[in-house]
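J.:
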Ligand SMILES: [Zn+2]
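Residue numbers (the numbering used here): 21 to 221.
#1: Taking 7 Å as the cut-off, is the C-beta of residue 205 nearer than that to any heavy atom in ligand 1?
#2: Helix, strand or coil for residue 111? Go by DSSP, reduced to three states.
#3: What residue from 91, 87 and 96 has the CA that sits closest to residue 66's CA?
#4: Quick one: does the C-beta of residue 112 sit closer than 7 Å to a heavy atom of ligand 1?
#5: Using the Cα positions of residue 140 and residue 39, report the straight-line distance between them to the nearest angstrom.
#6: Taking Cβ to Cβ, would you say residue 28 is nearer than 8 Å to residue 85?
#7: Bridge partners for residue 121 per DSSP, in chain order?
#8: How big is the Cα-Cα spacing for residue 49 and residue 118?
#9: Does the beta-carbon of residue 228, which I'm using as the reference point, lie nearer than 7 Å to any heavy atom of ligand 1?
#10: Say the cut is 7 Å; is the CB of residue 159 nearer than that to a heavy atom of ligand 1?
#11: Please list, in chain order, all residues of the same chain as residue 155 whose beta carbon is under 7 Å from its beta carbon, the five residues on each side excluded.
Here's what the structure looks like:
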């Protein structure tokens, strides 16, 4: 049967589990525990897992193979709708005249998770050829991100990727912890401010 002929369930399971482990370790290093634990869990759902096992590639995403075969990737549509670390999750109708769909600004902690996802994906696919510059070099080629992602979120992602390439993990992760701290503080202040205003009414 065609379906079972290409079945690579075990390999696919190992790949996603290893990828999740790397992302978890990176997220934990910057204090994103919940996101580290929850990262890409939907890949174990039947909709995503069956496609991954059927179109397993080893050196690139199985979604591309599904796209070539079917004209669209059901697995990816399922994935991006549930995982906020993908900028595609944040694509929505814009209020700008002349524009229909566009990338909304992403919360800082999801841009950070996206950054960790890039590092882990590059490590899984490039193995011993991986260096701190790999995620940045890979990013420069992806046109989709540049045209669709919100400019502020893209700027932050690129700052992190470049910093990693030049200064390495230690220094970059210390910087990430700092921007996450500042962002938490800012959100708390905004929340308190909103409630203050509401009380006065
Ligand atoms: Zn993901």
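Idealized CB from N, CA, C, for every residue including glycine. All values derive from a computational prediction rather than experimental measurement.
T.: Judging by the given coordinates:
#1: Here the distance from the Cβ of residue 205 to the nearest heavy atom of ligand 1 is not below 7 Å.
#2: strand
#3: Distance check between residue 66 and each of 91, 87 and 96 places 96 closest, using alpha-carbon atoms only.
#4: no
#5: Just so you know, the alpha carbons of residue 140 and residue 39 end up roughly 6 Å apart.
#6: Not closer than 8 Å, so no.
#7: 113
#8: 42 Å
#9: Lying outside 21 to 221, the shown extent of the chain, residue 228 is not represented and no answer is given.
#10: Taking the Cβ of residue 159 as the reference point, every heavy atom of ligand 1 lies at 7 Å or farther away.
#11: In chain order, 138, 139, 142, 181 and 184 place their CB closer than 7 Å to the CB of residue 155, counting only its own chain and leaving out the 5 sequence neighbours on each side.
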